[in-house]
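Each protein sequence line maps, in turn, to chains A and B. Be aware that the first sequence starts at 517, since it is given in our numbering, and climbs by one per residue. Be aware that the second sequence starts at 20, since it is given in our numbering, and climbs by one per residue. Every residue gets a Cβ at the ideal spot worked out from N, C-alpha and C, and that includes glycine. Here is the structure we will look at, set down as structure tokens.
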Amino acid sequence: MTDTLAPDTFRLVEDAQLRGILDIHIDDMLEYVHSGLRDLPGYLELYDRYLRQRWNVNELDFTRDRTDWTEAMTEDERASFLAIASGFHHGERQVEIELPIFMVGCDEDHKIFISSQIEDEARHVVFFDRFYREVVGLEGDIMGTLDASYQWISETFVGPFGLLAYQAEELRRNPFDERARVRYATNYFLWIEGVLALAVMKITLGYARRRGFLPAYYTGFTATARDEARHVQGGMRFLRDAVDRDPTMLNEIFDTLRTILLMSSTTSRLVYFEPLGLTRDAVLEMLITQLNRKLVTVGFDLPDDIRGMVQMISPQLAGG
Amino acid sequence: MPAFMTPEWAEAVRDAVNRGPDPDYRAGKLEEYWSWIDNARQGFEGSVALAVRAGHDPEALQDRALLLRFSGGTCTEAAIVAPDAARDATFVLAGDRDAYVDLAAGYEAGKVVMYRRLLLEQGHLLAFFNRVYFFVEMLAVIGTVPTEFPEPALT
Ligand SMILES: [Fe+2]
Ligand SMILES: [Fe+2]
Numbered sequence: 517m518t519d520t521l522a523p524d525t526f527r528l529v530e531d532a533q534l535r536g537i538l539d540i541h542i543d544d545m546l547e548y549v550h551s552g553l554r555d556l557p558g559y560l561e562l563y564d565r566y567l568r569q570r571w572n573v574n575e576l577d578f579t580r581d582r583t584d585w586t587e588a589m590t591e592d593e594r595a596s597f598l599a600i601a602s603g604f605h606h607g608e609r610q611v612e613i614e615l616p617i618f619m620v621g622c623d624e625d626h627k628i629f630i631s632s633q634i635e636d637e638a639r640h641v642v643f644f645d646r647f648y649r650e651v652v653g654l655e656g657d658i659m660g661t662l663d664a665s666y667q668w669i670s671e672t673f674v675g676p677f678g679l680l681a682y683q684a685e686e687l688r689r690n691p692f693d694e695r696a697r698v699r700y701a702t703n704y705f706l707w708i709e710g711v712l713a714l715a716v717m718k719i720t721l722g723y724a725r726r727r728g729f730l731p732a733y734y735t736g737f738t739a740t741a742r743d744e745a746r747h748v749q750g751g752m753r754f755l756r757d758a759v760d761r762d763p764t765m766l767n768e769i770f771d772t773l774r775t776i777l778l779m780s781s782t783t784s785r786l787v788y789f790e791p792l793g794l795t796r797d798a799v800l801e802m803l804i805t806q807l808n809r810k811l812v813t814v815g816f817d818l819p820d821d822i823r824g825m826v827q828m829i830s831p832q833l834a835g836g
Numbered sequence: 020m021p022a023f024m025t026p027e028w029a030e031a032v033r034d035a036v037n038r039g040p041d042p043d044y045r046a047g048k049l050e051e052y053w054s055w056i057d058n059a060r061q062g063f064e065g066s067v068a069l070a071v072r073a074g075h076d077p078e079a080l081q082d083r084a085l086l087l088r089f090s091g092g093t094c095t096e097a098a099i100v101a102p103d104a105a106r107d108a109t110f111v112l113a114g115d116r117d118a119y120v121d122l123a124a125g126y127e128a129g130k131v132v133m134y135r136r137l138l139l140e141q142g143h144l145l146a147f148f149n150r151v152y153f154f155v156e157m158l159a160v161i162g163t164v165p166t167e168f169p170e171p172a173l174t
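Okay, structure coming up:
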């Protein structure tokens, strides 16, 4: 379990309560995701981890964040930050509402774990809602703040997240279609959570940590990253088991990745990462690394045409 | 102003789809995004039907649908057809009347898809998403075509 993290760092990340999360470096948190991929845990083990790692979003105090936002951060920093964080505000909401239908076709242990993931995603929505309301200053109900932050997300957001909505609809009509479930899981757990979310988390969290800004955002979103570790590990477990049972399921994974990579080969808006201390190339590199590490650790070998498409990715800034 | 789901409206839609978005709207998005869409349109030999659904029952398509055929990068035909003919289209998108009313009132086309206001009733899901931004921007253009929505008859 600890092959990529020193044992005491692993324990620190695994066991931290919400107050202790501020001390965890985001890079260690991202490593933690991969530490569980080689020996994928079972669903009840992941559920047990959920019970221990669950945090209370209403314990966060955004007072300091509000001061940092309005007084310490520059206009450019705020603009770049919103262009990136808004993809999460919407992404969390989309993965929350599209997950229950997947649970219908799961076996019993898996159902228990998915129920915890649904609760996680709902909490992530509330986290972003609080951030946009109390720090950025948006108003309205849950959909009201979402509608208000929609202006900051790229039009290409509808690629992976529109696909997820339509895949959920496909499952609504036929919840036990195993091939459709594998395609859905490829988009949701491998791409949106395992690649987009983890790579993009590093941008705003790395910035907040370097500058010493936004402590409640850092705490809640790093705790979110730890939740995502469970989601990605559960998702990769599902995909690997599906392929073990029927190796032709790999075709469903690859076909889905081809569509995702084609959609990801463009973006509709230029986002300036520089105010947050990164370049577009560095972000791209993170996306590619995240994808390759997931695939390698569960033993999926990409065909050459997909390898070529991976090199053509244009960074999409969202997650769930 | 042509009424929704009439031949006059279909013709206006075809013109608008072939004209594409206005320059101001285009300028708000990156050129690479528009060239991705151009590629998707050039390669699309097929048809899209937009149907009106009553409630959530996929069988309950209402009496008329818009059928758009594409070839060589152009919308070559726009017709108002019966639901059975709409089902021959490569892709059938359907939503309730309100989805179309909102689209015409400026509701974002991306949300129409993401929030499932229009659903893919028929057609290969991944193939649809291989050209997704082309279809979404097509919906956005359709939303700009002035149209009237006659009050639904009381039944
Ligand atoms: Fe998640
Ligand atoms: Fe999440």
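Pick helix, strand or coil for residue i, following the three-state DSSP scheme.
{"i": "residue 815 of chain A", "result": "coil"}
{"i": "residue 729 of chain A", "result": "coil"}
{"i": "residue 66 of chain B", "result": "strand"}
{"i": "residue 669 of chain A", "result": "coil"}
{"i": "residue 114 of chain B", "result": "strand"}
{"i": "residue 762 of chain A", "result": "coil"}
{"i": "residue 749 of chain A", "result": "helix"}
{"i": "residue 89 of chain B", "result": "strand"}
{"i": "residue 570 of chain A", "result": "coil"}
{"i": "residue 686 of chain A", "result": "helix"}
{"i": "residue 207 of chain B", "result": "Residue 207 of chain B lies beyond the range of chain B shown here (20 to 174); nothing can be said about it."}
{"i": "residue 97 of chain B", "result": "strand"}
{"i": "residue 186 of chain B", "result": "Not covered by the structure: residue 186 of chain B. The range shown for chain B is 20 to 174."}
{"i": "residue 473 of chain A", "result": "The requested residue 473 of chain A is not part of the displayed model; chain A covers only 517 to 836."}
{"i": "residue 701 of chain A", "result": "helix"}
{"i": "residue 6 of chain B", "result": "As displayed, chain B neither begins before 20 nor continues past 174, which places residue 6 of chain B out of reach and without an answer."}
{"i": "residue 108 of chain B", "result": "coil"}
{"i": "residue 22 of chain B", "result": "strand"}
{"i": "residue 693 of chain A", "result": "coil"}
{"i": "residue 61 of chain B", "result": "helix"}
{"i": "residue 830 of chain A", "result": "coil"}
{"i": "residue 780 of chain A", "result": "coil"}
In whole angstroms, what separates the C-alpha of residue i from that of residue j?
{"i": "residue 670 of chain A", "j": "residue 533 of chain A", "result": "34 Å"}
{"i": "residue 517 of chain A", "j": "residue 550 of chain A", "result": "Unreliable placement is indicated for residue 517 of chain A, whose pLDDT of 43 sits below 50; the coordinate value is still reported in the next sentence. When rounded, the distance between both Cα atoms is 9 Å."}
{"i": "residue 724 of chain A", "j": "residue 662 of chain A", "result": "23 Å"}
{"i": "residue 86 of chain B", "j": "residue 561 of chain A", "result": "52 Å"}
{"i": "residue 576 of chain A", "j": "residue 46 of chain B", "result": "41 Å"}
{"i": "residue 720 of chain A", "j": "residue 166 of chain B", "result": "44 Å"}
{"i": "residue 621 of chain A", "j": "residue 49 of chain B", "result": "40 Å"}
{"i": "residue 726 of chain A", "j": "residue 644 of chain A", "result": "21 Å"}
{"i": "residue 656 of chain A", "j": "residue 646 of chain A", "result": "11 Å"}
{"i": "residue 41 of chain B", "j": "residue 52 of chain B", "result": "15 Å"}
{"i": "residue 44 of chain B", "j": "residue 601 of chain A", "result": "24 Å"}
{"i": "residue 675 of chain A", "j": "residue 707 of chain A", "result": "12 Å"}
{"i": "residue 823 of chain A", "j": "residue 569 of chain A", "result": "36 Å"}
{"i": "residue 552 of chain A", "j": "residue 722 of chain A", "result": "23 Å"}
{"i": "residue 606 of chain A", "j": "residue 540 of chain A", "result": "26 Å"}
{"i": "residue 161 of chain B", "j": "residue 36 of chain B", "result": "7 Å"}
{"i": "residue 81 of chain B", "j": "residue 121 of chain B", "result": "18 Å"}
{"i": "residue 694 of chain A", "j": "residue 153 of chain B", "result": "29 Å"}
{"i": "residue 665 of chain A", "j": "residue 595 of chain A", "result": "12 Å"}
{"i": "residue 761 of chain A", "j": "residue 692 of chain A", "result": "15 Å"}
{"i": "residue 793 of chain A", "j": "residue 545 of chain A", "result": "19 Å"}
{"i": "residue 102 of chain B", "j": "residue 617 of chain A", "result": "28 Å"}
{"i": "residue 830 of chain A", "j": "residue 804 of chain A", "result": "10 Å"}
{"i": "residue 779 of chain A", "j": "residue 110 of chain B", "result": "18 Å"}
{"i": "residue 787 of chain A", "j": "residue 668 of chain A", "result": "10 Å"}
How would you list, in chain order, the residues of chain D whose beta-carbon sits under 8 Å from the beta-carbon of residue i?
{"i": "residue 827 of chain A", "result": "In summary, chain D is missing from the structure at hand, where the protein chains are A and B."}
Original post:
Are the region 125-140 of chain B and the region 52-61 of chain B touching, with three or more C-beta to C-beta distances below 8 Å?
Top reply: Short answer: they don't touch.
**Report entry** Segment contact flag, the region 628-646 of chain A with the region 740-750 of chain A, C-beta cutoff 8 Å, min 3 pairs
**Finding:** At 8 Å Cβ cutoff, the stretches touch.
Touching or not, the region 546-566 of chain A and the region 749-756 of chain A, by the rule of three or more beta carbon pairs under 8 Å?
With the cut-off at 8 Å, the region 546-566 of chain A and the region 749-756 of chain A touch.
*Would the region 649-656 of chain A and the region 111-129 of chain B be scored as touching if the rule is three or more Cβ pairs under 8 Å?*
no
Q) Would you call the region 814-821 of chain A and the region 727-735 of chain A in contact, with 3 or more CB pairs under 8 Å? A) no
Would you check if there are 3 or more beta carbon pairs closer than 8 Å linking the region 90-99 of chain B to the region 135-143 of chain B? no
- Examine the Cβ distances between the region 590-608 of chain A and the region 24-41 of chain B and report whether three or more of them are shorter than 8 Å. no
- Completely contained beta strand (DSSP E) runs for the region 614-668 of chain A, where each covers 3 or more residues: none
| Which whole runs of the alpha helix (DSSP H) in the region 138-165 of chain B are 4 residues long or more, in chain order? | 144-148 and 151-163
- Item | Touch test, the region 567-587 of chain A against the region 691-705 of chain A, Cβ-Cβ under 8 Å, three pairs minimum | no
Checklist entry - Okay, do the region 521-541 of chain A and the region 706-719 of chain A touch, 3+ Cβ pairs below 8 Å being the bar? => result no
What are the uninterrupted segments assigned as alpha helix (DSSP H) that are 4 or more residues long and contained completely in the region 521-580 of chain A, given in chain order? 523-531, 542-551 and 559-569
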